[in-house]
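Report on one structure; see the data block that follows.
In the numbering used here, the protein residues as written are 8 to 271.
Have a look at this one:
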């Protein structure tokens with residue numbers, strides 16, 4: 008059992024590491040080692056604790072550590088309540104379409120709530136640099152629906168971050184023909200898609216269906232997330248899902264947007 012002195016040392020180390028990440032937002036293990044002056048075993052113990060508490064995340068793309076922050080009890084309770092109210096709606100959409108459904112909401116404090124048609128996945132924090140999140144918003148149908156639903160200033164903010172600091176795959180994507188086609192599709196139909204041959208971050212492969220169709224969600228006219236349909240069957244084309252289910256997906260998004268616009 009740890010003594011009071013050992014507990015205080017652990018707490019002080021954790022606070023210093025948290026402060027460093029809060030200031031810099033994103034640091035490598037080597038940078039944290041240099042800045043903190045801790046031994047690597049002690050530093051890794053601190054990071055393990057901070058990650059377990061969902062205050063820090065290790066990015067899978069570049070192995071750097073990012074500060075997520077601490078959700079307040081009020082935020083957690085609010086997300087729990089939103090999940091409880093939203094779940095029957097997305098479950099009904101899944102029943103009606105025969106496809107899986109995911110809903111993702113991003114709060115102004117960058118708290119990400121993810122809900123699926125089977126169960127509630129998690130409440131999570133993400134870095135304010137959205138392109139650094141794995142899977143990034145840019146590289147998912149959900150994320151692109153959210154981005155396209157943002158007003159011009161917010162869209163440009165995220166887009167500029169990608170051009171400045173995004174991964175090579177992300178920068179290539181925004182300069183690709185598919186990006187231009189999808190922007191045009193969103194302007195026409197109000198949806199984004201993920202095709203079976205799209206780039207998907209390796210960390211997302213095991214838990215992601217091959218194809219997706221997504222539309223944004225709004226609160227008082229401001230994009231706050233997105234909802235999508237997901238499927239793995241290669242015999243079901245994106246065009247088929249759009250023809251059969253886009254209208255219901257948009258209708259469900261409207262219902263959720265009304266629900267989410269109610270002050271709880």
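Backbone N, C-alpha and C define an ideal beta-carbon position, used for all residues, glycine too.
What you are looking at is a predicted structure, and each value in this text was computed from that prediction instead of being measured.
- Message: In chain order, what are the residue ranges of uninterrupted beta strand (DSSP E) at least 3 long that sit wholly in the region 25-61?
- Response: You should have found no qualifying run.
- Message: Which residue marks the beginning of the beta strand (DSSP E) containing residue 158, and which one marks its end?
- Response: Counting along the chain, residue 158 sits inside no beta strand (DSSP E), nor does DSSP assign it H or E at all.
- Message: Would you call the region 49-58 in contact with the region 83-102, where contact means no fewer than 3 C-beta pairs closer than 8 Å?
- Response: Counting C-beta pairs with one atom in each stretch, the region 49-58 and the region 83-102 have fewer than three that are closer than 8 Å, which means they do not touch.
- Nearest-angstrom Cβ-Cβ length linking residue 110 and residue 234, presumed shorter than 8 Å: Approximately 5 Å separates the beta-carbon atoms of residue 110 and residue 234; this is inside 8 Å, confirming the contact.
- What whole-angstrom Cβ distance do residue 106 and residue 255 have, given they're in contact under 8 Å? Residue 106 to residue 255, Cβ: 11 Å. No contact.
- Apply the 10 Å Cβ neighbour rule to residue 156 and answer buried if 16 or more other Cβ atoms are within range, or exposed otherwise. So residue 156 counts as buried.
- Message: Does the structure place the region 171-185 close enough to the region 219-233 that three or more beta carbon pairs sit under 8 Å?
- Response: Contact between the region 219-233 and the region 171-185 is absent: fewer than three C-beta pairs spanning the two stretches fall below 8 Å.
- Query: Alpha carbon to alpha carbon, how far is residue 34 from residue 153?
  - Reply: Straight-line Cα distance between these residues: approximately 27 Å.
- Query: Ends of the beta strand (DSSP E) at residue 106?
  - Reply: Going by DSSP, residue 106 is part of no beta strand (DSSP E) at all; its letter is neither H nor E.
- Helix, strand or coil: how does DSSP classify residue 21 here? Of the three classes helix, strand and coil, the one that applies to residue 21 here is helix, per DSSP.
- With DSSP run on the structure shown, which of helix, strand or coil describes residue 73? Three-state DSSP puts residue 73 in a strand.
- Task: Work out the CA separation of residue 202 and residue 151 for me, nearest whole Å.
- Result: In this structure, the straight-line span from the alpha carbon of residue 151 to that of residue 202 is close to 13 Å.
- Message: Please classify residue 223 as buried or exposed, where buried requires at least 16 other C-beta atoms within 10 Å of its C-beta.
- Response: That one is buried.
- Apply the 10 Å Cβ neighbour rule to residue 41 and answer buried if 16 or more other Cβ atoms are within range, or exposed otherwise. Exposed is the call here.
- Task: For my contact list, residue 32 and residue 73 are in at a C-beta cut-off of 8 Å; report their separation, rounded to the angstrom.
- Result: Confirmed, about 6 Å.
- Helix, strand or coil: how does DSSP classify residue 228 here? Here residue 228 sits in coil by DSSP.
- Item | For residue 55 and residue 221, the rounded distance between their alpha carbons | Cα to Cα, the separation comes out at about 34 Å.
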